[in-house]
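Single-structure report; data block below.
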Amino acid sequence: MTKRTSTLLAALALFLGTGALSAHAQSGAVMTPDQIDARYESAKKQCDAMRGDPKDVCLKQAEADKDTAEAQAKAGKEKAEADHDAAKVRRDADYDVAMQKCDALSGDAQDKCEADAKTRYGK
Numbered sequence: 007m008t009k010r011t012s013t014l015l016a017a018l019a020l021f022l023g024t025g026a027l028s029a030h031a032q033s034g035a036v037m038t039p040d041q042i043d044a045r046y047e048s049a050k051k052q053c054d055a056m057r058g059d060p061k062d063v064c065l066k067q068a069e070a071d072k073d074t075a076e077a078q079a080k081a082g083k084e085k086a087e088a089d090h091d092a093a094k095v096r097r098d099a100d101y102d103v104a105m106q107k108c109d110a111l112s113g114d115a116q117d118k119c120e121a122d123a124k125t126r127y128g129k
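Residue numbers 7 to 129, in this note's numbering, belong to the letters of the sequence shown in order.
Okay, here's the thing in structure tokens:
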């Protein structure tokens, strides 16, 4: 094989290899740190067969894909925490409204209403 042919094959392998990494990132699935590291190591191993500029590009792409996956994992964790916090605030607000409605009642009806609200909203 000529040097030009091997360079073209290396570039093609780089293109196909990084496409697989990007496909998972585009799917919207959040990877665990172990998955991110495994994909990074796999991408680096593919780069080992290359020489010169194609290898440099391959390594840089592997690092970029790893950084992107880590950022997406962090954003996914932060979103999950924010969703949890929002659900708690919403539940507390709904509880306050329910208790206010119970205040309009009296006697056994009020007691039952308050007990139901406490049960429903986990208080």
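Even glycine gets a Cβ: it sits at the ideal position worked out from N, Cα and C.
Please read all numbers here as calculations on a predicted model, not as lab measurements.
- The C-alpha of Asp102 lies about 23 Å from the C-alpha of Glu87.
- In the same chain as Ala70, and ignoring 5 residues on each side of it, no C-beta atom comes closer than 6 Å to its own.
- Residue environment analysis places Arg45 among the buried positions, since at least 16 neighbouring C-beta atoms fall within 10 angstroms of its C-beta.
- Under the 10 Å beta carbon count, Lys80 is surrounded by fewer than 16 other beta carbons and is classified as exposed.
- Counting along the chain, the unbroken alpha helix (DSSP H) around Met105 starts and ends at 58-109.
- By the beta-carbon neighbour count (other beta carbons within 10 angstroms, threshold 16), Ala93 is exposed.
- Counting the other Cβ atoms within 10 Å of the Cβ of Ala99 gives fewer than 16, which makes it exposed.
- Taking the Cα positions, Lys129 is about 13 Å away from Val95.
- Ala75 places its beta carbon 8 Å or farther from that of Ala49.
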